[in-house]
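Asks: Residue numbers (my numbering), protein chains in the order written: chain A, 690 to 1016; chain B, 74 to 452.
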């Protein structure tokens, strides 16, 4: 028996955090403006009223302090869920995340687990000013000791945030901010899959598009457009950028022989670079074309009036589809 | 500045600092002897570790010579249930909380990152990136607050946290942020700054325009300066402020004014940037000699000092023997505990290295646990 409700991604994350807080009194939620306001995207709305100011509280505007104290709280046995207000503001905390959070379990030979979730609204498409539209996930995926995930739909958002909070390891939880208001059916009873599994969200036989977060919807649009032209595209939602579940991608590429990897982040030394390299290794004899990467250009995220040109859209994916099919 | 012992080892009766003097009066002779033994022990350890580094037994050694008074005194001022978040030069504080000295040798030899259980010792692992540990301490202290383990009046329950850092670290943003987080959360916490006046080659004036004990004031963390070469003052001031923190009076900052007699590390060359006259001036204020004078004036005889000297020689011999006997760390150490939960990439790479080593004829420690040849064994 499934118990479905329709929620936006933002509301689904909210509901997921609420569920985790109900289940475990050690879960704390903090960050800038997350208490009375509920965060600038209202993801934590209502949690203060429900759980009180000991468990839901505003932090000073000091990202390193937010993550550094989250580490100390985790050492004391708490499960902190810290919000970084925007992607471009995570860098003051980069040192604490990379040199401390990611390494403390290894440094302490397992005496300390680091069940810390760092929520980061990321990606562009909302017409924002500088530093509010970035996709920094590759920095963190490159760092041993971190787990890096991103939901693309409300059901995943509801379940993945709970799985991230349950994880005994630090999880960078990237939330696709331009899809916050995208609604979907959420199954309140049953998780769709484990946190680090990739999902095949559309079956196809000609070309595989692997992507994650905000671009899953874009890939599905491209697949729909391609279908009108008689091209059958398979879409894989990677869901987890570290570790990456290569199984479904390999299985798909062995059938289609063609892979496009897409994301908003700049392509140079990116998640798509890693997937392209790995698939070349694992599917060498099955590939009919080189793996093509579609992403943001290797420039600083541009001013908002240029972001439509920067961000890969369904047409840019179609262009790549044409290219892989030309081999 | 709180000072309770003159350089000649006379106890200073001071009205202004009577609260600290009173804490010293509560100590017994056995406590004094323990302070001296540990200062001498850590000095001998430091000298022997430097020699071992020079013999190639360690990649690096970080000397704390000159800071024994600040470290042993403050270490014993910390309650048995309190938590300590050190930087990387706190060998003296470590022994006051039962850390095995060989663990510190291992750290600088490159065997592991310390290996002790921070939960058991309540002395956390050395933090190499300056200032990072101060935020962990503040977060930990926030947690103690949330659990209501402050100001209950039950000495078995109440807890406080102390974090150690140097004058150089005070310039790091993390230290400022932790002072702020501590103040607004009224954490049960002491910030213990050992101002040894040199951050590698940079004098303390490079890091601050105001005396460091005032660094916390703007954040709402009151500070006090103590003579860092006076073990009794360091003990009393730390004990008082940790007691206050445990009782709910909030965070405070202690600046222990001391001096780094040695180099920053064995890779450093202070002769390039430091006036020998300055070093000599501070060597004359040596915390161990000062305390020895005090003890002799209390009637402690030569037998005790002879006994300490012999214990030092035994310690040095033991350190050498144990260091020479150290085996290489097992290969698993690199892969295990990167994550607490299974991770396919790590598992794959661990299995690959194991198979690779075996293909070279080397026996790895994956199965037998002990010795691991560094480059594929006898082949």
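The beta carbon of each residue, even a glycine, is placed where N, CA and C say it ideally should be. This one's a predicted model, so the numbers in the text were calculated from it and none came from an experiment.
Look at the Cβ atom of residue 324 (chain B), then the Cβ atom of residue 281 (chain B), and state whether they are nearer than 8 Å.
Replies: no
Asks: Which residues share a DSSP beta bridge with residue 267 (chain B)?
Replies: In DSSP, residue 267 (chain B) forms a bridge with B:239 and B:329.
Asks: Measure the alpha-carbon distance for residue 1004 (chain A) versus residue 733 (chain A) and round it to whole angstroms.
Replies: 35 Å
Asks: Going by CA-CA distance only, name the one from A:935, A:700, A:813 and A:703 that's closest to residue 994 (chain A).
Replies: A:813
Asks: Which residues in chain B sit within 9 Å of residue 733 (chain A), going by Cβ to Cβ distance?
Replies: Under the 9 Å cutoff, chain B gives no residues; its nearest Cβ is about 18 Å from residue 733 (chain A).
Asks: So, does the CB of residue 710 (chain A) fall closer than 8 Å to a CB anywhere in chain B?
Replies: no
Asks: Return the CA-CA distance between residue 755 (chain A) and residue 771 (chain A), expressed in angstroms with no decimal places.
Replies: 7 Å
Asks: Check whether the Cβ atoms of residue 279 (chain B) and residue 135 (chain B) lie closer than 8 Å to each other.
Replies: no
Asks: Which class does residue 443 (chain B) belong to by DSSP, given the choice of helix, strand or coil?
Replies: In this prediction, residue 443 (chain B) has a pLDDT of 45, which is less than 50 and means its spatial position is unreliable; what the coordinates show is noted afterwards. Note: residue 443 (chain B) maps to coil in three-state DSSP.
Asks: Does any C-beta atom of chain A lie closer than 8 Å to the C-beta of residue 211 (chain B)?
Replies: yes
Asks: Confirm, please, whether the CB-CB distance from residue 863 (chain A) to residue 902 (chain A) is below 8 Å.
Replies: yes
Asks: So, does the CB of residue 442 (chain B) fall closer than 8 Å to a CB anywhere in chain A?
Replies: Unreliable placement is indicated for residue 442 (chain B), whose pLDDT of 44 sits below 50; the coordinate value is still reported in the next sentence. By this cut-off, residue 442 (chain B) is not an interface position.
Asks: Assuming residue 75 (chain B) and residue 234 (chain B) are in contact, meaning their beta carbons sit under 8 Å apart, how far apart are those beta carbons, in whole angstroms?
Replies: No, residue 75 (chain B) and residue 234 (chain B) are not in contact; Cβ-Cβ is about 22 Å, not under 8 Å.
Asks: In the DSSP assignment, find the unbroken beta strand (DSSP E) run with residue 874 (chain A) in it and report its ends.
Replies: 872-876
Asks: Classify residue 920 (chain A) as helix, strand or coil using the three-state DSSP reduction.
Replies: Residue state, collapsed to three classes: coil.
Asks: In angstroms, rounded to a whole number, what distance separates the CA positions of residue 746 (chain A) and residue 736 (chain A)?
Replies: 10 Å
Asks: Would you call residue 179 (chain B) buried or exposed, if buried means 16 or more other Cβ atoms sit within 10 Å of its Cβ?
Replies: The residue is buried, with at least 16 neighbouring Cβ atoms inside 10 Å.
Asks: Using a cut-off of 7 Å between C-beta atoms, extract the partners of residue 927 (chain A) located in chain B.
Replies: What residue 927 (chain A) touches in chain B: nothing, since even the nearest Cβ is about 14 Å away.
Asks: With 16 other CB atoms within 10 Å as the buried threshold, where does residue 153 (chain B) fall?
Replies: exposed
Asks: If we count the other Cβ atoms within 10 Å of its Cβ and call it buried at 16 or more, is residue 857 (chain A) buried or exposed?
Replies: exposed
Asks: Could you check what DSSP says for residue 448 (chain B) in three-state terms: helix, strand or coil?
Replies: A caution first: residue 448 (chain B) carries a pLDDT of 38, below 50, which makes its placement in the model too unreliable to give a value.
Asks: For the putative contact between residue 291 (chain B) and residue 753 (chain A), defined by C-beta atoms under 8 Å, what is the C-beta separation to the nearest angstrom?
Replies: Contact flag wrong, Cβ pair sits at about 18 Å.
Asks: Please decide whether residue 776 (chain A) counts as near chain E, where near means a Cβ-Cβ distance under 8 Å.
Replies: Absent from the structure is chain E; the protein chains it does hold are A and B.
Asks: Expressed to the nearest angstrom, what Euclidean distance is found between the alpha-carbon atoms of residue 455 (chain B) and residue 222 (chain B)?
Replies: The requested residue 455 (chain B) does not occur in the structure, where chain B is confined to residues 74 to 452.
Asks: Going by DSSP in three states, residue 262 (chain B) sits in which element: helix, strand or coil?
Replies: strand
Asks: Is the beta carbon of residue 777 (chain A) less than 8 Å from the beta carbon of residue 413 (chain B)?
Replies: no
Asks: Mind pulling the beta strand (DSSP E) runs of 3 or more residues that sit fully within the stretch 319-363 of chain B?
Replies: 325-330
Asks: I believe residue 952 (chain A) touches residue 904 (chain A) by the beta-carbon criterion, under 8 Å. Please report the beta-carbon distance rounded to the nearest angstrom.
Replies: 6 Å
Asks: Quick one: give me the first and last residue of the alpha helix (DSSP H) that residue 219 (chain B) is part of.
Replies: 205-219
Asks: Below 6 Å CB to CB, which residues in the same chain sit around residue 890 (chain A) once its five sequence neighbours on both sides are set aside?
Replies: 924 and 926
Asks: Is the Cβ of residue 227 (chain B) closer than 8 Å to any Cβ of chain A?
Replies: False, the Cβ-Cβ gap to chain A never drops below 8 Å.
Asks: Fully enclosed by the stretch 976-1011 of chain A, which beta strand (DSSP E) runs are 3 residues long or longer?
Replies: 981-985
Asks: Compare the C-beta of residue 963 (chain A) with all C-beta atoms of chain B and state if any pair is closer than 8 Å.
Replies: The beta-carbon of residue 963 (chain A) is placed no less than 8 Å from the nearest beta-carbon of chain B.
Asks: Closest Cβ-Cβ distance between residue 325 (chain B) and chain A: below 8 Å?
Replies: Closer than 8 Å: no.
Asks: Below 8 Å between beta carbons is the criterion; list the residues of the stretch 401-414 of chain B that meet it against any residue of chain A, in chain order.
Replies: For the stretch 401-414 of chain B, residues whose beta-carbon sits nearer than 8 Å to a beta-carbon of chain A comprise 406, 409, 410, 411, 412, 413 and 414.
Asks: Does chain B have any CB closer than 8 Å to the CB of residue 853 (chain A)?
Replies: no
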